[in-house]
Amino acid sequence: MKKIINPWKDMEGYNCFGCSPDNEAGVRMEFYEDGDEVVSIWKPRPEYQGWLNTLHGGIQSVLLDEICGWVVFRKLQTGGVTSKMETRFRKSISTNDAHVVLRASLREQKRNIAIIEAHLYNSMGELCTEATCTYFTFPKEKAEAEMHFHSCEVEQEEILPLI
Numbered sequence: 001m002k003k004i005i006n007p008w009k010d011m012e013g014y015n016c017f018g019c020s021p022d023n024e025a026g027v028r029m030e031f032y033e034d035g036d037e038v039v040s041i042w043k044p045r046p047e048y049q050g051w052l053n054t055l056h057g058g059i060q061s062v063l064l065d066e067i068c069g070w071v072v073f074r075k076l077q078t079g080g081v082t083s084k085m086e087t088r089f090r091k092s093i094s095t096n097d098a099h100v101v102l103r104a105s106l107r108e109q110k111r112n113i114a115i116i117e118a119h120l121y122n123s124m125g126e127l128c129t130e131a132t133c134t135y136f137t138f139p140k141e142k143a144e145a146e147m148h149f150h151s152c153e154v155e156q157e158e159i160l161p162l163i
């Protein structure tokens with residue numbers, strides 16, 4: 001796996017709830033490339049619970065939507081917006097779990113529409129939540145002008161999974 005470099009990390013005003021490392025209230029996701037997949041390893045925290053010790057479904061949806069967006073950035077080298085998201089909650093996730101693992105990949109692309117599948121696993125490797133996101137992707141010029149997106153690269157060094 002190789003760590004994906006966040007192209008906005010040093011941009012003033014960048015405060016994404018999903019991926020900004022400086023948003024205190026955010027989920028601060030980091031991403032890795034593993035073959036055709038984008039991967040994230042994330043630590044649930046008690047402030048993101050819905051029911052007692054249970055990760056809120058809305059936070060799970062944020063995690064899944066965010067990793068799908070990073071598939072667009074890294075694999076398609078452009079930006080875009082979610083136009084539809086179908087989520088299936090299969091098993092609850094404890095906010096006391098050591099970590100969760102998210103994996104997402106491009107399933108299909110037709111012109112400016114990308115279909116991305118994402119899966120969320122607990123620390124025991126059990127599938128807990130899955131989503132299919134439909135993204136409206138931007139032409140590279142629009143992504144650059146409106147999202148300040150130039151490219152999404154990876155670090156050169158291979159790393160072992162952090163789990």
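Its first residue numbered 1, the sequence shown is counted upward by one per residue in full-length UniProt numbering. Backbone N, C-alpha and C define an ideal beta-carbon position, used for all residues, glycine too. No experiment lies behind these values; they were computed from the predicted model shown.
Three-way DSSP call (helix, strand, coil) for residue i in this model
i, result
"VAL27", "coil"
"SER61", "helix"
"TRP8", "coil"
"residue 170", "Residue 170 lies beyond the stretch modelled for the chain, which goes from 1 to 163, so this question has no answer here."
"MET1", "coil"
"LYS75", "helix"
"TYR32", "strand"
"GLU153", "coil"
Residue from the options with nearest C-alpha to residue i
i, options, result
"PHE149", "MET29, VAL72 and ASN122", "VAL72"
"THR95", "ASN53, ASN6 and ASP65", "ASN53"
"SER123", "THR134, ILE113, GLU144 and VAL100", "VAL100"
"HIS56", "GLU37, TYR14 and VAL27", "VAL27"
"LEU63", "ARG111, GLU144, GLU117 and MET29", "MET29"
"THR82", "ILE93, LYS91 and TRP70", "TRP70"
Burial state of residue i, where buried means 16 or more other Cβ atoms lie within 10 Å
i, result
"LYS75", "buried"
"PRO21", "exposed"
Inter-residue CB distance, residue i and residue j (contact presumed, cutoff 8 angstroms)
i, j, result
"CYS152", "ILE4", "6 angstroms"
"SER105", "GLU37", "5 angstroms"
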